[in-house]
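Inspection log for the structure reproduced underneath, given as structure tokens.
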Ligand code: BG6
């Protein structure tokens, strides 16, 4: 029997090393299907008693914990002007989680989360309270292993941003200890015009570096909004017709059936265009109109979005191509609804818009001459957000005109919410007729195609803050450019009359219908 030849030791060593070095595609390139889990960290919420915090932020934190996406020692610190102990705060979080969280309640998840909850009572200019905050953070580093990694969430009215940010600086909380991170999360509205946004940016950047700042536009956290880029750039079908040669116009609608609820203090004087068009709708427009980014990373996305925002051209006659409205009394879902001017806390002479519709163009080679109509409103017929890309009619029809009387324009409708999905509308022959063509729809619904339910926007965004992933957060330049678009419209409205009245439960003021009719078009009734 001959002995098997043995390899020289050096070759065996080299082979072992090579095997260890093997490029596991899942490990080395980071499998995007696997959920990313936040490292050791904590979240401090300023304005923890507010509506947003109760309805969205606290439930999102719990949902993340429940999905196993937070580190075991994750800590949540609330800061507000209340005479609470840690236990009172934990009880408030508990109630909000029970009422608003998306996932089921599990006692063991809750217990683990609750152990890391602290409350700091105080005013924003109370130095003592900020000293206490600093001690709480250090104590949590020691007891829960948060490693000095903290995000400060400013869920407070913009007039308090400068104070809170200054206090964080003064008390050494903004600067991360060696090897850790500190981040600031800023809720909208980011200013009320370009000037105020710039002033806020200045204050913010005096304390935090741009990479430390995460500005929230929660629409970017929605699955259906992220899917705009997937639809356009992961497929071959749509992009060739996504331009002025085929598209007639684009309608972006965010309609709400609710009124202003208890938010009079915030809303009056701000209005629907500043509340929604400046951020959510211009972001949706940028994603719909932008060119393909070089890569799916912050800089490439920002580059393309900025190009769109810079190309936006406002109509020459703002009086003809913009409309603002205010809801009057009416019927909503079978119930009588009061008008805006009768709402608690609203100045009965208020000129604040609760409805706004504007026409803009994106003045570049892809879109020149294609109007983008953006509208939003409270107390409209139903709650729906959608982007409808409406195509030109076929250039020629071999059918008798009676055959196509009921044929509309083809459209691709991205249904952002509710009923998330995409509809493609086109003409089809009606069975049994000699030749009659009518609109039909082809539908993709998230609920039917996927078993996983979509996380809430705030779950995604809070997790991204903790991971330091800023793809879904608008940058300074975007915010400022968006104000640059809206400012002239607001100035025009400020000096021209009052908002048109519309009945609660309707689809907005008649003037908005007339605005489109002048262009030979009409609004969709989603
Ligand atoms: C907020 C606005 O940004 O978005 C609110 O300030 C509005 O006025 C809300 O109601 C709507 O959000 P969503 O996710 O329910 O469409």
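Residue numbers (the working numbering): 33 to 558. A virtual CB, placed ideally from N, CA and C, is assigned to each residue, including glycine. Note that the structure is a prediction, hence the values are computed from the model and not measured.
_Which residue wins for smallest C-alpha separation from residue 385, given the options 114, 244, 309?_
Of the candidates 114, 244, 309, the one whose C-alpha sits nearest the C-alpha of residue 385 is 309.
*With distances taken between CB atoms, is the gap from residue 521 to residue 260 smaller than 8 Å?*
In this structure, residue 260 does not lie closer than 8 Å to residue 521 by Cβ.
*Between the CA atoms of residue 422 and residue 552 - distance to the nearest angstrom*: 13 Å
*Please indicate yes or no: does the CB of residue 220 lie closer than 7 Å to some heavy atom of the ligand BG6?*
Because some heavy atom of the ligand BG6 lies under 7 Å away, the Cβ of residue 220 counts as near it: yes.
*For residue 399, count neighbouring C-beta atoms within 10 Å of its own C-beta (all shown protein chains included) and say buried if the count is 16 or more, exposed if not.*
buried
_Cutoff 8 Å; reference residue 530; Cβ partners in own chain excluding five residues on either side_ = 358, 383
_Residues that DSSP places opposite residue 469 in a beta bridge_ = The partner list for residue 469 (beta bridge, DSSP) reads 461.
*residue 412: which of 527, 285, 374 sits nearest, CA to CA?*
285
*On the premise that residue 216 lies in contact with residue 223, defined as a C-beta separation below 8 Å, what is that separation, rounded to the nearest angstrom?*
So it is not a contact: roughly 16 Å between Cβ atoms.
*Leaving out the 5 sequence neighbours to the left and right, which residues in its chain are closer than 8 Å to residue 190 when beta-carbon positions are compared?*
Cβ neighbours of residue 190 beyond the five flanking positions: 221, 222, 223, 224, 228, 232.
*Cα separation between residue 61 and residue 331?*
Confidence is the limiting factor: at residue 61 the pLDDT is only 48, short of 50, which leaves the residue's position unreliable and the question unanswerable from this model.
*Could you check where the beta strand (DSSP E) with residue 152 kicks off and where it finishes?*
149 to 153
*Measure the Cβ-Cβ separation of residue 472 and residue 458 and say whether it is below 8 Å.*
yes
*asked:* Tell me the residue span of the beta strand (DSSP E) that contains residue 281.
replied: 279 to 287
*Can you tell me which of the three DSSP states residue 367 falls into?*
strand
*Count the other CB atoms within 10 Å of the CB of residue 434; is the residue buried (16 or more) or exposed (fewer)?*
exposed
*Excluding the five sequence neighbours on either side, which residues of its own chain have a C-beta within less than 7 Å of the C-beta of residue 59, listed in chain order?*
With a pLDDT of 43 at residue 59, under the threshold of 50, the modelled position of this residue cannot be trusted, and the question is left open.
*asked:* Let me make sure I understand the geometry here. Which of 468, 448, 414 has the alpha-carbon closest to that of residue 429?
replied: 468
_Three-state secondary structure (DSSP) of residue 543_ = helix
*Leaving out five residues before and five after residue 113 in sequence, what residues of the same chain have Cβ atoms less than 6 Å from its Cβ?*
155
_Within 8 Å of any Cβ in chain B, is that where the Cβ of residue 146 sits?_
You won't find chain B in this structure, because it holds only one protein chain.
_Through-space distance from residue 252 to residue 280, alpha-carbon basis_ = Here the alpha carbon of residue 280 sits roughly 26 Å from the alpha carbon of residue 252.
*residue 307 in three-state terms, based on DSSP*: In the three-state scheme derived from DSSP, where H, G and I count as helix and E and B as strand, residue 307 is classed as helix.
_Considering just the uninterrupted stretch of the beta strand (DSSP E) at residue 418, what are its terminal residues?_
416 to 423
*Around the Cβ of residue 238, are there at least 16 other Cβ atoms within 10 angstroms (buried) or fewer (exposed)?*
exposed
*Write down every uninterrupted run of the alpha helix (DSSP H) in the stretch 114 to 196 whose length is 4 residues or greater and which is fully enclosed by it, in chain order.*
118 to 132, 139 to 146, 159 to 176
_the stretch 178 to 198 contacting the stretch 70 to 79, beta-carbon criterion three pairs below 8 Å_ = yes
*Does at least one heavy atom of the ligand BG6 sit under 7 Å from the Cβ of residue 308?*
yes
*Name the DSSP bridge partner or partners of residue 403?*
393
_Does residue 143 pass the burial test, meaning 16 or more other C-beta atoms within 10 Å, or should it be called exposed?_
exposed
*Does the separation of the CB atoms of residue 111 and residue 69 fall below 8 Å?*
no
*Give a single yes or no on whether residue 375 has its beta carbon closer than 7 Å to a heavy atom of the ligand BG6.*
no
*Is residue 172 closer than 8 Å to residue 148 when the C-beta atoms are compared?*
Taking the C-beta atoms as reference points, residue 172 is found nearer than 8 Å to residue 148.
*Taking only the alpha-carbon atoms, compute the straight-line gap between residue 557 and residue 120 and give it to the nearest angstrom.*
47 Å
*Can you give me the start and stop residues for the beta strand (DSSP E) that residue 534 sits inside?*
532 to 535
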